[in-house]
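Asker: Before I ask anything, here is the structure I am working with.
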């Protein structure tokens, strides 16, 4: 009887450190060069990986950009906080988003990709999915607050639109400071607590 050879796996497992380096290099390259000028080659050079390494992970630039922004969002808001006060939880989630925009290179990335959303349909579709996924945390906090009686009954999606819309407007168009106090006022106003 012929001895069977063990079957080969899918190859080497991915190195999580390489994954992190690619995503970090993507954020840095977008912040420095903008969406249109950033290329997979320049990102590969920045992180010390090959283009093939990046293509094994991502189909193209839109997928890589959204993955990098998603990782930044995940780092800023990994879970819904549970302080026992839903208003504080919603404010924390909103402040973490605002702080990410003003204190990390992600703010420059946002400024770089917004103009591309009008012309790059793949990026626009992926970005819409990213936004839906990230809104889920705030939706969960608001719904929990309504159930517990800590937040008055409201249209949670409209509240999220008002809170994130105010943050993005102030950051992207008005160029005014985003402070914890401002975010707190926006959240309380959107929840009808002012």
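Residue numbers (my numbering): 1228 to 1421.
Just so you know, even glycine gets a beta-carbon here, dropped at the ideal spot from N, CA and C.
1. Where does residue 1399 sit, in a helix, a strand or coil, going by DSSP?
2. For the putative contact between residue 1328 and residue 1337, defined by C-beta atoms under 8 Å, what is the C-beta separation to the nearest angstrom?
3. Measuring straight from C-alpha to C-alpha, what distance separates residue 1288 and residue 1295?
4. Return the CA-CA distance between residue 1285 and residue 1312, expressed in angstroms with no decimal places.
5. Decide if residue 1355 is buried, meaning its Cβ has at least 16 other Cβ atoms within 10 Å, or exposed.
6. Rank 1248, 1390, 1293, 1373 by C-alpha distance to the C-alpha of residue 1444 and give the top, closest one.
7. Just checking, does the region 1355 to 1368 make contact with the region 1383 to 1391 on the three C-beta pairs under 8 Å criterion?
8. In this structure, does DSSP put residue 1257 in helix, strand or coil?
9. Going by C-alpha to C-alpha distance, which of 1307, 1353, 1303, 1352 sits closest to residue 1332?
10. Would you call the CB atoms of residue 1315 and residue 1411 closer than 7 Å?
11. Can you tell me whether DSSP reads residue 1262 as helix, strand or coil?
Answerer: Quick look at the numbers:
1. In the chain shown, residue 1399 corresponds to position 172, counting from 1. Of the three classes helix, strand and coil, the one that applies to residue 1399 here is helix, per DSSP.
2. Reading the chain shown from its first residue, position 101 is the one you call residue 1328. Reading the chain shown from its first residue, position 110 is the one you call residue 1337. Between residue 1337 and residue 1328 the Cβ distance is about 6 Å, and since that is below 8 Å, they are a contact.
3. As a working note, residue 1288 is residue 61 in the chain shown. As a working note, residue 1295 is residue 68 in the chain shown. One C-alpha to the other measures close to 10 Å.
4. As a position in the chain shown, residue 1285 is number 58, starting the count at 1. As a position in the chain shown, residue 1312 is number 85, starting the count at 1. Between residue 1285 and residue 1312, the C-alpha separation is close to 40 Å.
5. Numbered from 1 along the chain shown, position 128 holds the residue referred to as residue 1355. Exposed.
6. The chain is shown from 1228 up to 1421; residue 1444 falls before or after that span and cannot be answered.
7. yes
8. Looking up residue 1257 in the chain shown gives position 30. Three-state DSSP puts residue 1257 in a helix.
9. Here the question's residue 1332 lines up with position 105 in the chain shown. It is 1303 whose Cα lies nearest to the Cα of residue 1332.
10. Along the chain shown, one-based indexing puts residue 1315 at 88. Along the chain shown, one-based indexing puts residue 1411 at 184. Their beta carbons are not under 7 Å apart, which means residue 1315 does not touch residue 1411 by this criterion.
11. On the chain shown, position 35 is the one that residue 1262 refers to. It is coil, neither helix nor strand.
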